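Going by the working numbering, the first residue of the sequence shown is number 9, and it counts up by one from there. All remarks here apply to the structure that follows.
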Amino acid sequence: MRRGNIIKLVVLVLLVAAAVALSIKPLVDPVKGVLLGLDLRGGVHLVLQAEPNKDGTPITKDDIDKAKAIIEKRVNDLGVSEPIVQTDYDKMRIVVDLAGVTDPDKAVDILKTTAKLTFRDPQGNVVLEGDDLKDAKGGQGQVSGYVVNLSFSSEGAKKFGDLTTQLIGQRLGVYLDDDLLTNPTVNTPILNGQAEITGYDTLESAANDAVLMRSGSLPVSMSIAEKRQVGASLGVDSLNKSIQAGLYGLIFIFLFMLVFYRIPGAVANFSLFVYALIVLWVFWGFRVVLTLPGIAGFILSVGMAVDFNIIIYERIKEEIRAGKSLRAGVESGFSRAFITVIDAHVTTLIAALTLYYFGTGAIKGFALTLGVGIVVTLFTGITFTRTVLRWIVGTSPKMNTTWFGVRRDG
């Protein structure tokens, strides 16, 4: 028994050490470690409205889904970490939250532009579209200025080669929507599937157009229904107040558990510390975006973790008052309370999963952090708290029951 207890203790120490080690990066640099949402970090909130088609055809959900996929690709090409892009089929809108973006006008220009790439002959007729474009990158021109380098697919390369063969000595207009990008004279056929659009004054403008070309054209025209910028200072203030409130709550919980449950309370407090480290690592490792509703979900899951321990400890105290030894009281208390605790947490987990599946935006953030917290609560409660209490009563079976918050008469 003594050897088994030592082994269990060593395993627990290793688990705690691993939790601490894995949490070092998000603890040392929480801003870079844990991703913060728009309400905590600041950024841009946009609502894009699909405009009616000029030919009168109705806008479908498929059009909105395709537009969402293209907008997500554009946002990712901009380098925005963990953007939130959601659809509103009732109003045919797309809602975009870009945390950390400081230039809303640039974001608007890139996201709402239809970006239909076309090549036109001297008479203005569209002779080739950008559907066969494989890649587009902004870069430095060979002589001067900045350019967008185009790369076509094998089929697109053949079409472009045939087109440039037909237009030798004539001008080939390159348009993005109705804006003329360049109008060069074709001197020789271009057969290798590579082309270069010149005339850009800055690398940024070339890179922005490359993003639009690379992502493809939107199936519907979009307008800005709402544009709102959230200041970084407001986000930092919200985060600081949330952290402050959380710390006050944790201090109160720690004191409550120590006063009412003594040694089991100390175990619960340490278990809560391990729980927080594991949750923090999960948020960082799986790139969970933390928002104010997400913090609320995390705080609620902390309450569930405390509730887990209180239910167990009250059962243990009842068993000890009934005359059982500490060891028997711990075993019986866990056995009696286990089903109740599991039922409560599984029910809440089902509710969190339902909210995540059917909810949007803030609701998803709340449900995700709550669900993660519940799973980690069950893990730490079953593996950590139970094992530590067993080790304590196994090594000190004659301990006074007052250390478990129980006074026996006589």
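Note that beta-carbon positions come from the ideal geometry of N, C-alpha and C, so glycine has one too. Keep in mind it's a predicted model, so treat the numbers as computed, not measured.
Exercise. Can you tell which of L141, T126 and D143 has its C-alpha closest to the C-alpha of V135?
Worked result: It is T126 whose Cα lies nearest to the Cα of V135.
Exercise. Does the Cβ of E163 have 16 or more other Cβ atoms within 10 Å, making it buried, or fewer, making it exposed?
Worked result: That one is exposed.
For this session: Could you please give the first and the last residue of the uninterrupted alpha helix (DSSP H) stretch that includes Q174?
Result: Segment S162 to Q174, the alpha helix (DSSP H) holding Q174.
For this session: Could you round the C-beta distance between T377 and A313 to whole angstroms and report it? I think they count as a contact, below 8 Å.
Result: Contact doesn't hold; Cβ gap of about 13 Å is too wide.
Exercise. Quick one: what does DSSP say V39 is sitting in, helix, strand or coil?
Worked result: Low confidence applies to V39: its pLDDT is 47, below 50, so where it sits in the model is not reliable enough to give any reading.
Problem set entry | Reduced DSSP secondary structure (H/G/I, E/B, other) of N248 | Helix, per DSSP.
For this session: Starting from E327, trace the alpha helix (DSSP H) both ways and give me its first and last residue.
Result: Following the DSSP letters along the chain, one finds E327 inside the alpha helix (DSSP H) bounded by residues L300 to R329.
Problem set entry | Other residues of its chain near V219: CB distance less than 7 Å, five sequence neighbours each side excluded | In chain order, R82, D85, L86 and I118 place their CB closer than 7 Å to the CB of V219, counting only its own chain and leaving out the 5 sequence neighbours on each side.
Exercise. For the candidate residues I198, Y97 and K325, whose alpha-carbon lies nearest to that of I67?
Worked result: Comparing Cα positions, the closest option is Y97.
Exercise. Which term fits S231, buried or exposed, when burial requires 16 or more other beta carbons within 10 angstroms of its beta carbon?
Worked result: Result: exposed.
Exercise. Can we say the stretch 166-173 touches the stretch 248-258, given the rule of at least three CB pairs closer than 8 Å?
Worked result: Flag = no, the stretch 166-173 and the stretch 248-258 do not touch.
Exercise. Can you tell which of S333, F392, K167 and L54 has the C-alpha that lies nearest to the C-alpha of P197?
Worked result: Relative to P197, the option among S333, F392, K167 and L54 whose CA is nearest is K167.
For this session: Take G413 as the anchor and find which of I400, G379 and L266 has the nearest alpha-carbon.
Result: Answer by Cα proximity: L266.
Exercise. Among the residues of its own chain, which have a CB less than 7 Å from the CB of V18, if the five just before and after it don't count?
Worked result: Excluding sequence positions up to five before and after V18, its CB lies less than 7 Å from no other CB in the same chain.
Problem set entry | C-alpha gap between V39 and V287, whole angstroms | With a pLDDT of 47 at V39, under the threshold of 50, the modelled position of that residue is not reliable, and no figure is offered here.
For this session: Enumerate in chain order the residues of its own chain whose CB-to-CB distance from I92 is below 6 Å, with the five nearest sequence positions on each side excluded.
Result: Around I92: D105.
For this session: Please say whether A144 and V52 have beta carbons closer to each other than 8 Å?
Result: Not in contact: V52 and A144 (Cβ atoms no closer than 8 Å).
Exercise. Along the chain, where does the alpha helix (DSSP H) that runs through K99 open and close?
Worked result: Per DSSP, K99 belongs to no alpha helix (DSSP H) and is neither H nor E.
For this session: Using the Cα positions of A352 and V310, report the straight-line distance between them to the nearest angstrom.
Result: When the Cα atoms are used, A352 and V310 turn out to be separated by approximately 14 Å.
For this session: Please classify F294: does DSSP put it in a helix, a strand, or coil?
Result: F294 falls in the coil class under three-state DSSP.
For this session: With a 10 Å radius around its C-beta and 16 neighbouring C-beta atoms as the bar for buried, classify V275 as buried or exposed.
Result: Result: buried.
For this session: Would you mind giving the Cβ-Cβ distance between N133 and G147, rounded to the nearest angstrom? I have them listed as a contact below 8 Å.
Result: The beta-carbon separation of N133 and G147, rounded to 30 Å, does not stay under the 8 Å limit for a contact.
For this session: Answer yes or no: do G379 and L357 have a C-beta to C-beta separation smaller than 8 Å?
Result: Yes; because the gap between Cβ atoms is below 8 Å, this pair is in contact.
Exercise. Any contact of the stretch 315-327 with the stretch 295-305, i.e. 3+ C-beta pairs under 8 Å?
Worked result: Segments in contact, no.
Exercise. Just to confirm, are G239 and T299 a CB contact at a threshold of 8 Å?
Worked result: For G239 and T299, no; Cβs fall outside 8 Å.
Exercise. Going by C-alpha distance, which of K69, T95, D47 and L22 is nearest T368?
Worked result: Answer by Cα proximity: T95.
Problem set entry | Residue environment, M221, which counts as buried when at least 16 other CB atoms sit within 10 Å | If you draw a 10 Å sphere on the C-beta of M221, you find 16 or more other C-beta atoms in it, and that means buried.
Exercise. How is the beta strand (DSSP E) around M407 delimited, first residue to last?
Worked result: First-last for M407: undefined, no H or E at that position.
For this session: Could you round the C-beta distance between G337 and E327 to whole angstroms and report it? I think they count as a contact, below 8 Å.
Result: Between the beta-carbon of G337 and that of E327 there is about 4 Å, and that keeps the pair under the 8 Å contact cut.
Exercise. What's the C-alpha gap between K406 and G381?
Worked result: Taking the straight line from one Cα to the other gives about 36 Å.
Exercise. With C-beta atoms as the reference, is V228 less than 8 Å away from E59?
Worked result: In terms of Cβ geometry, V228 and E59 form a close pair [threshold 8 Å].
Problem set entry | Beta-bridge pairing of Y208 - partner residues as DSSP gives them | Looking at the DSSP assignment, Y208 forms a beta bridge with Y154.
Exercise. Rounded to a whole number of angstroms, what is the C-alpha to C-alpha distance between L263 and F278?
Worked result: Taking the straight line joining both Cα atoms gives about 12 Å.
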